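Asker: Each residue of the sequence shown is one higher than the one before, counting from 0 in numbering that gives the first Met the number 0. Take this structure, written in structure tokens, and hold onto it; I'll ask about it next.
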Amino acid sequence: MVARPAAVHTRSAWHDVPRPKVRRFAAIALSEAPALAEEILSEIRREYPHLPVVLDESGEPMALVGIRRAIEVFVQHLETAEGRPTVPPGVFQEFGRGEGLNGRSLDSLQAIYRMGVRLAWRRFADIGQRVEIPPPAMYELVDAGYEYLDGLVDQSVRGYAEAAARQAGERLRLQRRLMELLLADRHHGDPAEALTERAARIGWPLPRKVAVGVLIRPAREAVPPAVTQGVLLDMDYEQPRMVVPEPGAAGRPELLHRALTGWAGAIGPPVPLADAAKSLRWAEAAVRLMERDLLPGGEVLYCTEHTEALVLLQPEELMDDLALRCLSPLQHCGPTHARRLAETLLAWLETRGGAPEVAARLGVHPQTVRYRLRQIRELWGDEIDDPDRRFELELVLRARRLRGELA
0 MVARPAAVHT
10 RSAWHDVPRP
20 KVRRFAAIAL
30 SEAPALAEEI
40 LSEIRREYPH
50 LPVVLDESGE
60 PMALVGIRRA
70 IEVFVQHLET
80 AEGRPTVPPG
90 VFQEFGRGEG
100 LNGRSLDSLQ
110 AIYRMGVRLA
120 WRRFADIGQR
130 VEIPPPAMYE
140 LVDAGYEYLD
150 GLVDQSVRGY
160 AEAAARQAGE
170 RLRLQRRLME
180 LLLADRHHGD
190 PAEALTERAA
200 RIGWPLPRKV
210 AVGVLIRPAR
220 EAVPPAVTQG
230 VLLDMDYEQP
240 RMVVPEPGAA
250 GRPELLHRAL
260 TGWAGAIGPP
270 VPLADAAKSL
280 RWAEAAVRLM
290 ERDLLPGGEV
300 LYCTEHTEAL
310 VLLQPEELMD
320 DLALRCLSPL
330 QHCGPTHARR
340 LAETLLAWLE
350 TRGGAPEVAA
360 RLGVHPQTVR
370 YRLRQIRELW
380 GDEIDDPDRR
390 FELELVLRAR
400 RLRGELA
């Protein structure tokens with residue numbers, strides 16, 4: 000590591016130092032390594048008092064063992080200067096793992112390492128003066144020290160990443176269990192107590208209201224949407240689910256809109272926390288209608304903005320049976336004429352107006368409307384004046400319009 004790579008053909012100042020001086024330097028540095036490690040650890044504890052002290056099997060702080068061993072490996076390499084020194088495995092990986100598990104960033108760990116190199120360099124510089132190592136060789140030693148530091152950081156980053164992945168996996172597991180309880184139709188025992196316990200384990204404040212979403216993947220390997228931390232998301236379903244806390248909170252719709260760009264699906268109506276399964280059912284119903292092209296696709300819809308379609312189109316069998324009974328007078332008309340009469344009847348029911356108002360709505364001549372209305376009265380007779388029958392007719396005709404069967 001101290002030596003330059005052979006391909007660069009750069010002369011090494013450290014290699015020019017007489018071997019007796021190098022051996023003397025290494026011997027002194029190794030003898031002072033325990034004291035130097037103690038000094039470095041004391042300074043770290045003073046600057047970072049939050050760091051936990053983990054003891055090894057002998058009762059000695061693992062950090063002290065790791066620092067001492069790192070110094071010894073580096074110094075021993077100075078005598079041979081062959082290849083790169085092997086970074087002591089395990090300990091520095093454990094440092095990184097500890098930072099990850101305790102929720103701290105790698106920035107503080109790297110700052111600690113830089114402090115250690117700085118203190119070590121001071122001691123090495125003092126030893127170099129005593130042994131009369133030339134300054135160019137000592138400068139080269141500084142570069143080697145920071146290159147060695149990179150190896151320590153690499154190990155810590157590996158440990159940090161392992162801890163982060165393990166924590167993320169555990170959080171996802173706990174979050175999934177929470178969502179399963181939230182969205183269950185039936186509960187065993189005390190659901191409120193279980194809900195409180197599971198929510199507390201992932202630090203999720205129990206909201207007063209929630210809305211449940213069902214998503215349609217834009218692609219099989221689509222990256223999960225970047226929802227805010229408070230939104231629970233389960234990507235393990237074919238159609239991912241999410242639980243949105245306090246959906247009416249200021250700024251929540253805008254944040255969701257940005258996070259869900261490129262995704263499609265539906266978000267159910269806001270409901271009390273205990274009724275989350277009901278919101279899920281409406282979202283699932285909306286997605287089924289989207290898949291049949293009965294609701295707009297390519298975006299995430301809010302069920303509360305499509306209430307009419309959800310109410311009229313979801314109970315399809317019931318609505319078809321009602322239509323069969325209510326629209327039976329049209330069975331003897333041709334398809335085109337039956338559709339025009341149905342459109343005229345719906346316009347009349349919605350406007351409650353005369354021929355001019357209905358004609359304006361349909362874009363036809365009033366006389367045409369009068370002719371159709373006379374036929375409608377002939378077909379339905381006095382039933383057309385019954386409020387209940389008119390209500391049923393409007394329901395089935397609106398449903399047909401939503402299906403695209405009427406203009």
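Every residue, glycine too, gets a C-beta built ideally from N, C-alpha and C. In this text the structure is predicted, and so the values were computed from the model without any measurement.
Give me the residue from 39, 207, 260 with the minimum Cα distance to residue 296.
Answerer: For residue 296, the nearest C-alpha among the options comes from 260.
Asker: Quick one: give me the first and last residue of the alpha helix (DSSP H) that residue 61 is part of.
Answerer: Here the alpha helix (DSSP H) through residue 61 covers 61-79.
Asker: Write down the C-beta distance between residue 343 and residue 361 rounded to the nearest angstrom, noting that I regard them as a contact closer than 8 Å.
Answerer: Confirmed, about 7 Å.
Asker: Would you kindly report the start and end of the unbroken alpha helix (DSSP H) that includes residue 300?
Answerer: Run containing residue 300: none in the alpha helix (DSSP H); it sits in the beta strand (DSSP E), 299-301.
Asker: Would you report the Cα separation of residue 122 and residue 64, rounded to the nearest angstrom?
Answerer: Distance between the alpha carbons of residue 122 and residue 64: 18 Å.
Asker: For residue 301, which residues in the same chain have their Cβ closer than 7 Å to its Cβ, ignoring the five residues on either side in sequence?
Answerer: Excluding residues within five positions, the ones whose Cβ falls inside 7 Å are 266.
Asker: Using a Cβ distance threshold of 8 Å, determine whether the segment 282-299 contacts the segment 346-360, with at least three qualifying pairs required.
Answerer: Short answer: they don't touch.
Asker: Can we say the segment 269-279 touches the segment 220-237, given the rule of at least three CB pairs closer than 8 Å?
Answerer: No, because fewer than three Cβ pairs between the segment 269-279 and the segment 220-237 fall closer than 8 Å, the two stretches do not touch.
Asker: Within 10 angstroms of its Cβ, does residue 139 collect 16 or more other Cβ (buried), or is it exposed?
Answerer: Burial call: buried.
Asker: Of all the alpha helix (DSSP H) runs that stay within the bounds of the segment 312-367, which reach a length of 4 or more residues?
Answerer: Taking only runs of at least 4 residues, the alpha helix (DSSP H) segments lying wholly in the segment 312-367 are 315-325, 334-350, 354-361.
Asker: Looking only at its chain, what residues have a beta carbon closer than 8 Å to the beta carbon of residue 389, apart from the 5 residues adjacent to it on each side?
Answerer: Only 348, 383 meet the Cβ criterion.
Asker: Check whether the Cβ atoms of residue 73 and residue 147 lie closer than 9 Å to each other.
Answerer: Their beta carbons are under 9 Å apart, which means residue 73 touches residue 147 by this criterion.
Asker: Under the three-state reduction of DSSP, which class applies to residue 369: helix, strand or coil?
Answerer: Three-state DSSP puts residue 369 in a helix.
Asker: I want to know whether the segment 17-31 touches the segment 47-63 - three or more CB-CB distances under 8 Å.
Answerer: As far as the Cβ criterion goes, the segment 17-31 does not touch the segment 47-63, which means the pair count is below three.
Asker: Beta strand (DSSP E) containing residue 240: first to last residue?
Answerer: From DSSP, the beta strand (DSSP E) with residue 240 extends over 240-244.
Asker: Ends of the beta strand (DSSP E) at residue 211?
Answerer: Residues 208-215.
Asker: With a CB to CB cut of under 8 Å and the five nearest residues on each side skipped, what residues in its chain are close to residue 22?
Answerer: 78.
Asker: Using a threshold of 9 Å, state whether the C-beta atoms of residue 181 and residue 209 are closer than that.
Answerer: For residue 181 and residue 209, yes; Cβs fall inside 9 Å.
Asker: Can you tell me whether residue 330 is buried or exposed, with buried defined as 16 or more other CB within 10 angstroms of its CB?
Answerer: With fewer than 16 Cβ atoms within 10 Å of its Cβ, residue 330 is classed as exposed.
Asker: Output the boundary residues of the beta strand (DSSP E) element that contains residue 266.
Answerer: Here the beta strand (DSSP E) through residue 266 covers 263-266.
Asker: Taking the CB atoms as reference points, tell me whether residue 174 and residue 201 lie closer together than 9 Å.
Answerer: Against a cut-off of 9 Å, the Cβ pair of residue 201 and residue 174 comes out as a contact.
Asker: With 16 as the cutoff for other CB atoms within 10 Å, does residue 212 come out buried or exposed?
Answerer: So residue 212 ends up on the buried side.
Asker: The beta strand (DSSP E) that contains residue 232, what's its start and end?
Answerer: Its beta strand (DSSP E) spans residues 231-233.
Asker: For residue 37, which residues of its own chain have a beta-carbon under 8 Å away from its beta-carbon, when the five flanking residues on both sides are left out?
Answerer: 63, listed in sequence order.
Asker: Count the other CB atoms within 10 Å of the CB of residue 366; is the residue buried (16 or more) or exposed (fewer)?
Answerer: Residue 366 is exposed by the Cβ-count criterion.
Asker: If you reduce the DSSP assignment to three classes, tell me which class residue 285 lands in.
Answerer: Residue state, collapsed to three classes: helix.
Asker: Sort 353, 241, 270 by Cα distance to residue 264 and report the nearest one.
Answerer: Of the candidates 353, 241, 270, the one whose C-alpha sits nearest the C-alpha of residue 264 is 241.
Asker: Determine the direct distance from the alpha carbon of residue 386 to that of residue 323, and round the result to whole angstroms.
Answerer: Cα to Cα, residue 323 sits roughly 19 Å from residue 386.
Asker: Just to check my reading of the structure: residue 136 and residue 13 have Cβ atoms closer than 8 Å, yes? What is that Cβ distance to the nearest angstrom?
Answerer: Yes, residue 136 and residue 13 are in contact; Cβ-Cβ is about 5 Å, under 8 Å.
Asker: Per the DSSP calculation, residue 271 is bridged to which residue(s)?
Answerer: BP columns for residue 271 point to 208.
Asker: With DSSP as the reference, label residue 54 as helix, strand or coil.
Answerer: If DSSP states are grouped into helix, strand and coil, residue 54 belongs with the strands.
Asker: Just checking residue 196 against the ligand FAD - is the residue's beta carbon closer than 8 Å to any of the ligand's heavy atoms?
Answerer: Questions concerning the ligand FAD fall outside what the structure shown contains, since it holds no ligand whatsoever.
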